[in-house]
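>
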Amino acid sequence: MSAFVPLPLGQRIPGSVHSVSCSLPTMRAIVGYEEKSPDITRHLTSGYPRFLVHPLARQLAEKYRPAGRALWLTSSARMAGELAQHLGSHSTGSGQAHSTDSTSSPQAGFLLRQGYGGQAGQAGAQVFADGTLNGVSHPENAELATRAKTFLQNVGGFLSSREAEDHLVRLGALPAAAPETLFPGDTAAEVKRRLRPAFPGAGDNDFFPASSGMNAIYAAFRAMAELQAGYGRTVWIQLGWLYLDTIAILKKFTAPGDYIYARDVFDHTALERLFVEHGRRIAGIITEVPTNPLIQTPDMPWLVALARRHGAALILDPTVASAFNVNLLPYADVVTTSLTKYAASEGDVIAGLAVVNPASPHAARLRAKLSALLEPVYPRDLARLAAQIGKAEDLLARAHDNVPRVVAFLEKHPAVRDVFWARRAESRSNFERVARAPGAVGAMISFTLRGPLEKFYDRLRLPKGPSFGMTTTLICPFMFLAHYDLVTSEAGRAELAASGIDPNLLRLSVGTEPVEDIIAALAEALE
């Protein structure tokens, strides 16, 4: 009997109230989710936490939200200040100013303060605090709400679902937190102990846990950008097509003209030309090793030699294949990664990590800046991560057995056009230079079809939803979920084509189920 049965729309994956994925079983559901169709969204009890505000956080916000205002709960008071500044940096869509008065709310213990930066009041943004709970409110306005949500998504600033749950228990709105296994000892020490082998040479003071992988990237970029700006270096290079929010950070937090997209990770000539053209203005390069979703690995020894020769920094992200699989610290000034993937293999924790290379000339100042910029991991999230991080080794061992077999099946199937994975011919030698073992490929495979996407996707019995690197196999039409604006416009599709990306690309994360069942499910849908 197959390990897979179709999951209904909106079902949490894997099932915990804190699950980071949910079932989107048809292309109609995918499109409805992106277009916020009530017929689809009313079924979504959860979703990837940086894209869909968690129901527990929404429930908690409703208890404090003043009438006529939206309230966004944040991971800290500092993040609330950043959001207020962000909302105050532009006028509202109507162009009208809103009141900046600090007013008392009828809700208990509720404090509002005028937004930071002197301009926040122009958008009516007000910082909220109630004990350890923080956030920002603003007048109900669709444009402001979109800007607030996008900012918190990009920088990883949403309140943790477990923190929301604990506040609801405290307020009597929930009888108790949902039962789960937590690590009983020193959680920070346990997580660091498990991570230390992935970063040989790093000392304890080089590890910086973060509330999410994106928050680690945001903080690392901010820290390095501030350091390099002191030397007149403000230009940043995005090498290859990267994850949605990494691209957004580079575009939104650099000055006009200071963001450069180098499409081809293998084009040495183009990169060298950029350094000739921009010289000592280049602050650094950000890339994923391998990239998401094309799973391409640049020539790291060549890249680091180029960067060091010109004084440019390197921020590297190994999330696709896992920091346990690829050794990037010797090449980077700072490595950032999502611990939601692989480390939290049960798929119910959002967390990230930044690790400073102690050999970097910026190491001492990076440590100081990261300490100030990173959002902390909520204690119960850390305890949950510590309880399961030891299982990552088994997950990866199973993936390393299963992935080559799934790749071999897909590459031979006449309905499959192209298959991307860590050992694809074009970057196999580059990957093996940084891989801890030749077969340490991670769980991700991307592929494209010769036939219609909808027919295949709707028939497929595998779990269908965002995220990767968990024990549960997951598949999704990645570009629809990450870049729906590009997929649905002529200009956007041209941009994807120029980057070598099929808008109908499917991203598969191979789990620990029997590989025969995974292949059988794929074969059935491909018929």
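With the working numbering, letter number 46 in the sequence shown gets 578, and the count goes up by one each step, no holes.
Yeah, the Cβ is synthetic: ideal placement off N, Cα and C, and Gly gets one too.
Every value quoted in this text rests on a predicted model; they were computed, and no experiment measured them.
Considering residue 773, what are the terminal residues of the beta strand (DSSP E) in which it resides?
It is not in any beta strand (DSSP E) - residue 773 carries neither H nor E in the DSSP assignment.
> Just the C-alpha distance for residue 745 and residue 871, rounded to the nearest angstrom, thanks.
For residue 745 and residue 871, the distance between alpha carbons rounds to 7 Å.
> How long is the line joining the alpha carbons of residue 706 and residue 593, rounded to whole angstroms?
For residue 706 and residue 593, the distance between alpha carbons rounds to 14 Å.
> Label residue 808 either buried or exposed according to how many other C-beta atoms from any shown protein chain fall within 10 Å of its C-beta, with 16 as the threshold for buried.
It is exposed - the Cβ of residue 808 has fewer than 16 other Cβ atoms within 10 Å.
> Can you give me the C-alpha to C-alpha distance between residue 543 and residue 573, rounded to a whole angstrom?
The alpha-carbon atoms of residue 543 and residue 573 are separated by roughly 12 Å.
> Which same chain residues, not among the five before or five after residue 1053, have their C-beta less than 6 Å away from its C-beta?
Taken in chain order, the residues that qualify are 536, 993, 994.
> Closer than 8 Å by C-beta to residue 566: which residues in its own chain qualify, once you throw out the five before and the five after it? Chain order, please.
Only 1012, 1013, 1016 meet the Cβ criterion.
> What residues are listed by DSSP as bridge partners for residue 740?
Paired residue(s): 886.
> Report, in whole angstroms, the separation of the C-beta atoms of residue 522 and residue 846, which I expect to be a contact under 8 Å.
Given a span of 533 to 1059 for the chain in the structure shown, any question on residue 522 remains unanswerable.
> For residue 774, count neighbouring Cβ atoms within 10 angstroms of its own Cβ and tell me buried if that reaches 16, exposed if not.
Buried: at least 16 other Cβ atoms inside 10 Å.
> Taking the CB atoms as reference points, tell me whether residue 887 and residue 867 lie closer together than 9 Å.
Their beta carbons are under 9 Å apart, which means residue 887 touches residue 867 by this criterion.
> Using the rule of at least 16 other Cβ atoms within 10 Å of the residue's Cβ for burial, across every protein chain shown, is residue 597 buried or exposed?
It counts as buried.
> Helix, strand or coil for residue 643 per DSSP?
A caution first: residue 643 carries a pLDDT of 34, below 50, which makes its placement in the model too unreliable to give a value.
> Is DSSP giving residue 652 helix, strand or coil here?
With a pLDDT of only 42 at residue 652, under the threshold of 50, the placement of this residue in the model should not be trusted; the figure read from the coordinates follows. The answer is helix: DSSP assigns residue 652 an H, G or I state.
> In the DSSP assignment, the beta strand (DSSP E) including residue 662 goes from what residue to what residue?
Start and end: 658-662.
> Would you give the residue range spanned by the alpha helix (DSSP H) that residue 528 belongs to?
It is not possible to answer for residue 528, since the shown part of the chain is limited to 533 through 1059.
> To the nearest angstrom, report how far apart residue 1027 and residue 562 are at their CA atoms.
Going by the C-alpha atoms only, they are around 21 Å apart.
> Apart from the five residues on each side of it in sequence, which residues of its chain come closer than 6 Å, Cβ to Cβ, to residue 1043?
1003, 1004, 1005.
> On the criterion of 16 or more Cβ atoms from any shown chain inside 10 Å, does residue 823 qualify as buried, or is it exposed?
Classification for residue 823: buried.
> What is the residue span of the beta strand (DSSP E) that residue 1051 lies within?
From DSSP, residue 1051 is part of no beta strand (DSSP E) but of the alpha helix (DSSP H) over 1047-1058.
> Under DSSP, the alpha helix (DSSP H) around residue 834 begins and ends at which residues?
Unbroken alpha helix (DSSP H) run through residue 834: 832-842.
> Expressed to the nearest angstrom, what Euclidean distance is found between the alpha-carbon atoms of residue 750 and residue 986?
Computed Cα separation, rounded: 35 Å.
> Given that a residue counts as buried once 16 or more other Cβ atoms are within 10 Å of its Cβ, and exposed if not, what is residue 678?
Looking at its Cβ environment, which holds fewer than 16 other Cβ atoms inside 10 Å, residue 678 is exposed.
> For residue 654, count the other beta carbons within 10 Å of its own beta carbon; 16 or more makes it buried, fewer makes it exposed. Which is it?
Confidence in residue 654 is poor, its pLDDT being 48 and thus under 50, which makes the residue's placement unreliable; the coordinate value appears in the next sentence. Classification for residue 654: buried.
> Under 6 Å Cβ to Cβ from residue 534, same chain only, skipping five residues before and after it: list those, please.
These residues qualify, in order along the chain: 1049.
> Just how far apart, CA to CA, sit residue 1047 and residue 713?
Taking the straight line joining both Cα atoms gives about 28 Å.
> Tell me, please, whether the stretch 655-667 touches the stretch 598-612 by the rule of three or more beta-carbon pairs shorter than 8 Å.
Counting Cβ pairs under 8 Å, three or more are found: they touch.
> Give the straight-line distance between the Cα atoms of residue 923 and residue 1001, rounded to the nearest whole angstrom.
Cα to Cα, residue 923 sits roughly 12 Å from residue 1001.
> Going by beta-carbon coordinates alone, are residue 902 and residue 752 separated by less than 9 Å?
Cβ atoms of residue 902 and residue 752: closer than 9 Å.
> Here's the rule: buried if 16 or more other CB atoms are within 10 angstroms of the residue's CB, otherwise exposed. What is residue 907?
Classification for residue 907: buried.
> Of the choices 919, 1029, 973, whose alpha-carbon is the least far from that of residue 716?
Comparing Cα-Cα distances from residue 716 to each of 919, 1029, 973, the minimum goes to 919.
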